[in-house]
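Data block below; observations after.
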């Protein structure tokens with residue numbers, strides 16, 4: 095953009111030194127929580143309040159030893175919880191860093207894309223339409239530049255900018271280009287002074303979180319009712335008020351679903367972090383859960399399916415067509431010089447558009463040292479492309495020449511209309527354009543006009559007397575990963591719909607190469623003329639839409655959503671933002687996309703790799719499947735806790751569980767239900783299943799039944815063994831130790847069949863165990879061994895130490911429950927491919 099004598103910007107060393115000296119370009123309003131804040135949040139959790147209450151009761155009963163042991167468990171559980179929260183917070187912080195605004199700066203004369211927080215004072219910022227300005231500064235150059243400053247002023251009208259005027263951090267470039275010298279960064283900007291934050295990543299409300307909240311509220315209600323019932327029963331049957339309250343606290347600790355919010359946050363945050371490692375930035379975490387529901391993927395052609403590396407492939411004048419891809423330098427025939435000359439004149443001086451860059455490259459190669467290049471001419475007026483006219487024109491002034499020169503390019507039918515071609519010539523141009531489009535080329539028409547110098551310029555392009563010059567065909571190769579990725583989408587039950595502004599024949603040719611259904615193509619004009627019923631039918635059946643105007647993208651997304659589809663939409667431009675925001679999942683291109691498109695999107699492809707969309711869908715499905723398994727496990731392991739808290743009171747047995755035992759169980763349950771299941775791999779046929787229905791609950795009735803059935807199996811084994819040992823006259827401490835060993839071993843065994851949804855063979859239960867699973871299983875059994883066999887540890891839990899034979903018998907009973915769990919899965923998951931999908 096800047097001329098050759100313009101400043102070259104800071105060098106890298108100076109910029110780095112200034113960044114160290116003056117600090118990063120951010121507002122200093124981090125969402126990152128301190129360790130103290132995390133610890134305070136944990137202390138206020140109901141589970142810890144119950145633990146502290148139980149400790150207070152033990153002190154009131156004169157049992158300081160029990161209270162101190164319980165306090166030790168409080169510290170251990172708090173440390174584990176804070177570490178887990180810290181891990182989640184680190185994931186979210188990394189995402190916020192990735193989603194911060196980007197900036198294009200001149201460093202040592204070369205444009206460099208950097209993070210917005212790395213912009214320093216005296217940097218030169220290159221601005222283009224759709225950019226979010228990274229810092230305050232003064233315009234050095236401006237070309238038709240206008241900004242939206244509504245976030246500072248409240249005024250939504252664009253503000254035209256001229257060299258010498260100020261631009262402000264956080265505002266949006268809505269048109270034109272500019273070069274800015276930075277004057278203030280971070281808190282010293284206007285935005286920083288009014289204390290607004292640019293942090294964008296936060297955990298949004300979502301259907302899944304709302305469902306989790308409803309489930310949590312129901313469990314809390316049931317838990318409180320059972321606790322009250324237990325306190326009343328204990329008091330009525332045994333007459334000990336403090337012991338009754340202690341039993342109630344024990345049951346409350348076992349029932350309260352404090353793991354559920356943790357599971358949700360950990361799963362979504364870590365899934366987003368894993369997506370970031372695959373170069374997919376998650377700007378809104380609820381997009382992770384929606385990915386698994388995606389049923390329609392709407393994609394643009396240029397830059398999404400294709401490489402967005404345009405090259406001029408054909409030039410057409412009258413009936414003459416020239417294949418330019420094999421031309422040697424300076425070998426372009428003279429007859430085609432004027433066509434290429436006016437294609438360049440109708441383009442920006444320093445273009446960002448790949449088509450215009452292709453014109454400039456070809457002109458530099460074939461028109462140098464000719465009269466067809468005009469670096470000395472002044473661009474006096476631009477006529478922009480509009481939805482009403484798919485053509486643009488530039489008016490050039492040549493010093494003292496008597497006439498100004500006008501160059502136009504655009505859709506062949508639009509440029510032919512500007513030239514008022516006779517019907518026969520118009521038909522010939524259309525046929526020629528169709529032949530080029532059938533080869534998959536993007537086709538533009540080019541025209542020229544003259545206008546008397548000094549006369550007032552017309553307000554409309556149609557008021558010039560244009561003369562038709564010819565057609566230009568540009569090749570944009572398909573991305574190599576696209577056909578396989580689209581085939582994977584089809585296998586996964588995801589319909590791919592191409593929405594492009596290109597010629598219908600070009601769209602059909604690219605769709606055929608990509609593997610998209612292309613039997614019928616609907617144009618924007620045809621779509622505009624359709625009654626609602628016909629449009630609904632077209633949206634249901636057609637997969638290629640061509641010559642689509644920006645506002646029609648939004649209409650297509652809304653029409654698909656009206657039919658119950660879950661829509662993902664790709665885009666990169668300012669005009670794509672409404673459709674990206676309206677789609678269930680907006681996907682922006684990170685490299686070529688504008689800032690406004692990235693801000694409207696839920697996902698950003700950092701490397702513009704189409705295959706990354708399929709990977710993101712896979713990750714979304716895997717996250718939901720693992721989350722569902724974690725929920726089944728979590729609910730199941732709470733059932734025996736309830737049974738062991740209630741049944742001994744009803745039958746007059748000595749109590750098995752105390753708050754200390756529940757604290758130990760929390761150390762087992764929390765890692766298992768969060769990090770174990772989150773780290774599990776995906777099923778081999780995950781992407782051969784249809785998308786999950788949008789209204790499908792996290793735990794359908796049959797899976798809720800499976801969870802309760804598995805929990806009841808553990809309860810029956812634990813209570814049965816406890817009753818049998820008491821009936822044989824064994825000491826209560828020994829019976830409690832054996833029952834607790836069965837409970838913990840059964841919970842550990844439940845991890846194995848819960849790692850996947852569908853019922854499988856026995857051998858597969860042990861296959862594919864992740865290191866995390868092995869550590870949790872090994873650590874659980876080691877800790878269980880210590881508290882049930884080491885005398886002084888067993889005494890702290892009010893256990894009598896188990897002999898090796900007794901320990902093996904109890905643990906073996908718990909582990910043998912895996913056969914019951916697998917049988918229950920076979921009942922809940924019928925062995926058909928459709929029913930096995932979690």
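In this note's numbering, the protein residues as written are 95 to 932.
Even for Gly, the Cβ is constructed at its ideal location relative to N, Cα and C.
Note that this is a predicted model, so its numbers are computed, not measured.
query, result
"With DSSP collapsed to three states, give me the class of residue 65.", "An answer regarding residue 65 cannot be provided, because it is not within the stretch 95 to 932 covered by the chain."
"Between which residues of its own chain and residue 552 is the CB-CB distance below 7 Å, once the five residues before and five after are set aside?", "558"
"Helix or strand or just coil, what does DSSP make of residue 480?", "coil"
"How would you write the range of the alpha helix (DSSP H) that residue 377 sits in, first residue to last?", "Counting along the chain, residue 377 falls outside any alpha helix (DSSP H), and DSSP gives it neither H nor E."
"Out of 665, 519 and 486, point me to the one whose CA is closest to residue 508's CA.", "486"
"Given a threshold of 16 other Cβ atoms within 10 Å of its Cβ, counted over all protein chains shown, does residue 111 qualify as buried or as exposed?", "exposed"
"By a C-beta neighbour count over all protein chains shown, 10 Å radius and 16 as the cutoff for buried, is residue 457 buried or exposed?", "buried"
"For residue 426, count neighbouring Cβ atoms within 10 angstroms of its own Cβ and tell me buried if that reaches 16, exposed if not.", "buried"
"Taking the alpha-carbon positions, what's the residue 357 to residue 912 distance?", "24 Å"
"Tell me, to the nearest whole angstrom, how far the beta carbon of residue 389 is from that of residue 588; I am working on the premise that it is less than 8 Å.", "6 Å"
"Rounded to whole angstroms, what is the Cα-Cα separation between residue 294 and residue 377?", "Because the pLDDT of residue 294 is 40, which lies under 50, any placement of that residue in the model is unreliable, and the question is left without a value."
"Considering only their Cβ atoms, is the gap separating residue 275 from residue 216 smaller than 8 Å?", "yes"
"When you compare only the Cα positions, how much space is there between residue 944 and residue 672?", "Since the first residue of the chain shown is 95 and the last is 932, residue 944 is not available in this structure."
"Am I right that residue 660 and residue 785 are in contact with their C-beta atoms under 8 Å? What's the rounded C-beta distance?", "7 Å"
"On the DSSP letters alone, give me the boundaries of the alpha helix (DSSP H) that residue 879 sits inside.", "865 to 883"
"How long is the line joining the alpha carbons of residue 316 and residue 829, rounded to whole angstroms?", "29 Å"
"Pull the bridge partners of residue 273 from the DSSP assignment, please.", "220 and 235"
"Please list the terminal residues of the continuous alpha helix (DSSP H) segment that includes residue 511.", "506 to 512"
"Between the Cα of residue 841 and those of 822, 899, 265 and 874, spot the shortest distance and give me the residue it belongs to.", "874"
"Under three-state DSSP, which class holds residue 498?", "strand"
"Tell me which residue opens and which closes the alpha helix (DSSP H) that residue 801 is part of.", "795 to 821"
"With DSSP collapsed to three states, give me the class of residue 919.", "helix"
"Check residue 208 in the structure and name its three-state DSSP category.", "strand"
"Pull up the CB-CB distance for residue 847 and residue 919, whole angstroms please, since I reckon it's below 8 Å.", "6 Å"
"Kindly give me the distance between the Cβ atoms of residue 542 and residue 495, rounded to whole angstroms, as I take these residues to be in contact under 8 Å.", "Not really, about 14 Å apart at Cβ, beyond 8 Å."
"For residue 884, count neighbouring Cβ atoms within 10 angstroms of its own Cβ and tell me buried if that reaches 16, exposed if not.", "exposed"
"Kindly identify the DSSP beta-bridge partner or partners of residue 594.", "Per DSSP, none; premise fails for residue 594."
"Using the C-alpha atoms, what's the distance from residue 681 back to residue 229?", "26 Å"
"Judging by CA-CA distance, which residue of 805, 407, 799 and 897 is the nearest neighbour of residue 831?", "897"
"Which of the three DSSP states is assigned to residue 617 in this structure?", "strand"
"Which of helix, strand or coil does DSSP assign to residue 959?", "Residue 959 lies beyond the stretch modelled for the chain, which goes from 95 to 932, so this question has no answer here."
"In chain order, what residues of the same chain have a beta carbon less than 7 Å from the beta carbon of residue 624, not counting five sequence neighbours either side?", "632"
"If residue 730 sits next to residue 804, beta carbons under 8 Å apart, how far is it from one beta carbon to the other, in whole angstroms?", "4 Å"
"Grouping DSSP H, G and I as helix and E and B as strand, with all else coil, what is residue 467?", "coil"
"Thinking C-alpha only, which one of 539, 272, 220 and 210 is nearest residue 264?", "210"
"Could you tell me which of 879, 362 and 900 sits nearest to residue 891, measuring between CA atoms?", "879"
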